[in-house]
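Peer 1: Residue numbers for the sequence shown follow the working numbering, beginning at 22 and rising by one.
Using N, Cα and C, we set each Cβ at its ideal position, and we do this for glycine too.
The structure presented is a predicted model; accordingly, all values stated were derived computationally and were not measured.
Can you keep this structure in mind? I'll have questions shortly.
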Amino acid sequence: MKTAFITGVTGQDGAYLAKLLLDKGYDVHGGVRRSSQPETTRLDLLGITNAVTLHDFELTEPNSISRVIRDIPMDEFYNLAAQSFVGASWELPVYTADADGMAVVKILDTLRTFRPETRFYQASTSEMFGLVQEVPQSETTRLYPRSPYGVAKVYGHYITMNYRESFGMHASSGILFNHESPLRGTDFVTRKITLGLAKLAHGGATPIELGNMDAKRDWGYAGDYVEGMWRMLQQDQADDYVLATGETFTIRQFFDFAAEALGMQLEWAGTGPDEIAVDVKSGKRVMQVNPKFYRPAEVDLLIGDASKAHRKLGWRPTVAVKELAAMMVQFDYDMLALHRSPQISKSPDDQLPHYIWTQDEFASQHSQTGSARC
């Protein structure tokens with residue numbers, strides 16, 4: 022039995038990766054920030070909370086990192102934890118630099134000291150490409166980050182490469198383009214869209230407020246991408262790999278795909294900060310632009326070239342963006358319809374419940390949408 026440690030195990034990617042590794046027979050340990058009661062909702066929903074051993078783990082505290090690595094024999098270490106919300110990185114630039122950049126070298130150096138044989142995965146990101154220097158973007162594309170988040174991730178990426186080359190560590194980076202699922206946090210634009218549309222379809226009246234509708238992203242399904250992470254650490258030689266679908270769509274197109282899955286027919290009007298979308302059938306305004314969601318420096322176009330991962334890892338995405346949007350919005354719609362958890366609270370905007378999923382509800386709905394394919 023192999024042992025794996027996952028930082029960020031309670032996040033979207035961490036939960037899907039933990040499920041994948043457990044299914045492969047791993048002993049899975051995960052790092053969580055110290056609190057009176059760890060937030061394990063995603064693990065609960067996948068039915069694996071009791072199968073994962075949780076440990077207090079703080080990215081910005083060297084002693085926390087060293088205790089975990091020293092005390093737990095581990096074959097693989099997946100560093101997925103980060104301050105991962107790009108918009109917040111302008112408000113928290115120093116913390117983002119510490120958690121997303123400096124923490125990586127703390128982990129790597131501690132592994133080098135106590136467990137140099139452990140295979141290491143670093144969660145790099147397409148946001149490192151920023152103001153893209155070529156289309157599509159591959160492992161050799163010059164990096165030009167456009168946010169404190171992207172800058173911090175560039176450091177984490179290059180220090181991983183440096184420790185691999187300097188000390189012979191099996192340290193790989195996955196340059197993952199946007200990957201989503203029903204487990205995505207509601208601060209992220211895709212879940213903001215799908216949950217907002219689901220509320221509107223259930224009678225809500227509050228339009229979804231978004232920023233730059235022309236930004237283009239390469240979206241895939243998180244369950245596919247954690248499979249790619251695992252495959253990287255099974256290779257004889259460590260390396261860096263782009264994981265992407267090779268297709269790009271605007272925020273507006275993703276919005277359209279999700280609305281279509283709920284039977285809405287949208288009519289778009291206006292441009293820039295005056296742009297709105299109206300559902301023709303109901304007459305409701307469903308989207309309006311709010312300039313407060315514009316980034317100080319925008320990343321306009323991301324589209325990945327994953328041919329190296331296809332060739333060397335045998336990895337390919339299985340869920341197209343239209344299917345992904347439908348999966349997410351249908352799940353949100355179904356969960357709002359169920360309402361069965363006793364922990365329902367009311368939204369101040371439209372008085373519709375924010376659902377707290379029960380495990381049985383999630384398992385039932387998740388299997389129907391196909392979104393548990395990891």
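Quick check: the Cα distance between residue 339 and residue 242, rounded to an integer number of angstroms?
Peer 2: Distance between the alpha carbons of residue 339 and residue 242 is about 8 Å.
Peer 1: Is it buried or exposed for residue 368, if we count other Cβ within 10 angstroms and need 16 for buried?
Peer 2: Reliability of the predicted coordinates at residue 368 is poor, the pLDDT of 45 falling under 50, and the value obtained from them is presented with this limitation in mind. Residue 368 is exposed by the Cβ-count criterion.
Peer 1: Measuring alpha carbon to alpha carbon, tell me which residue in 342, 278, 287 is nearest residue 240.
Peer 2: If we check each option's Cα against that of residue 240, 342 comes out closest.
Peer 1: How long is the line joining the alpha carbons of residue 154 and residue 167, rounded to whole angstroms?
Peer 2: Roughly 12 Å between the two C-alpha positions.
Peer 1: Closer than 8 Å is the cut-off here; do at least three beta carbon pairs connect the region 303-310 with the region 216-233?
Peer 2: With the cut-off at 8 Å, the region 303-310 and the region 216-233 touch.
Peer 1: Just mark residue 199 as buried or exposed, buried being the case when its beta carbon has 16 or more other beta carbons within 10 Å.
Peer 2: The residue is buried, with at least 16 neighbouring Cβ atoms inside 10 Å.
Peer 1: With distance defined between alpha-carbon atoms, name the residue in 79, 45, 77, 39 nearest to residue 63.
Peer 2: Of the candidates 79, 45, 77, 39, the one whose C-alpha sits nearest the C-alpha of residue 63 is 39.
Peer 1: Check for me: the beta strand (DSSP E) holding residue 50 runs from which residue to which?
Peer 2: Unbroken beta strand (DSSP E) run through residue 50: 48-53.
Peer 1: Counting Cβ pairs closer than 8 Å, one from the region 140-152 and one from the region 169-183, do we hit at least three?
Peer 2: Yes: at least three Cβ pairs fall under 8 Å.
Peer 1: Please classify residue 215: is it buried, with 16 or more other beta-carbons within 10 angstroms of its beta-carbon, or exposed?
Peer 2: With 16 or more other Cβ atoms within 10 Å, it is buried.
Peer 1: How about the region 78-90 and the region 44-61: do they share at least three Cβ pairs that are nearer than 8 Å?
Peer 2: Judged by Cβ distances under 8 Å, the region 78-90 makes contact with the region 44-61, as three or more pairs qualify.
Peer 1: Would residue 58 pass as a contact of residue 326 if the rule is Cβ separation under 8 Å?
Peer 2: Taking 8 Å as the Cβ cut-off, residue 58 and residue 326 do not qualify as a contacting pair.
Peer 1: Would residue 121 and residue 103 be called neighbours here (beta carbons separated by less than 8 Å)?
Peer 2: Cβ distance < 8 Å, so residue 121 and residue 103 count as in contact.
Peer 1: Residue 41 to residue 33, Cα distance in whole Å?
Peer 2: Rounded to whole angstroms, residue 41 to residue 33 spans 13 Å at the Cα level.
Peer 1: Sort out for me which residues DSSP pairs residue 242 with in a bridge.
Peer 2: BP columns for residue 242 point to 201.
Peer 1: If we ignore side chains and look at the alpha-carbon of each, how far apart do residue 362 and residue 305 end up?
Peer 2: Since pLDDT at residue 362 reaches only 37, below the 50 mark, its modelled position is unreliable, and the value read off the structure follows with that caveat. Their backbone Cα atoms lie some 29 Å apart in a straight line.
Peer 1: Please list, in chain order, all residues of the same chain as residue 373 whose beta carbon is under 8 Å from its beta carbon, the five residues on each side excluded.
Peer 2: With a pLDDT of 49 at residue 373, under the threshold of 50, the modelled position of that residue is not reliable, and the figure given next carries that caveat. Only 220, 223, 224, 225, 357, 367 meet the Cβ criterion.
Peer 1: Is there contact between the region 245-257 and the region 348-356, where contact requires at least three CB pairs shorter than 8 Å?
Peer 2: Cβ pair count under 8 Å is below three, so no.
Peer 1: Do the CB positions of residue 125 and residue 143 come within less than 8 Å of each other?
Peer 2: A contact, by the Cβ cut-off of 8 Å.
Peer 1: Candidates 294, 105, 97: which alpha carbon is nearest residue 208's?
Peer 2: The residue with the shortest Cα to Cα distance from residue 208 is 105.
Peer 1: Going straight from the alpha carbon of residue 94 to that of residue 261, what length do you get?
Peer 2: Rounded to whole angstroms, residue 94 to residue 261 spans 25 Å at the Cα level.
Peer 1: One question on the structure: do residue 129 and residue 181 come within less than 8 Å of each other, judged by their Cβ atoms?
Peer 2: Yes, they are a contact pair.
Peer 1: Can you grab the Cα-Cα spacing for the pair residue 280 / residue 301, in whole Å?
Peer 2: C-alpha separation (whole angstroms): 11 Å.
Peer 1: Identify every residue that forms a DSSP beta bridge with residue 237.
Peer 2: Paired residues: 271, 322.
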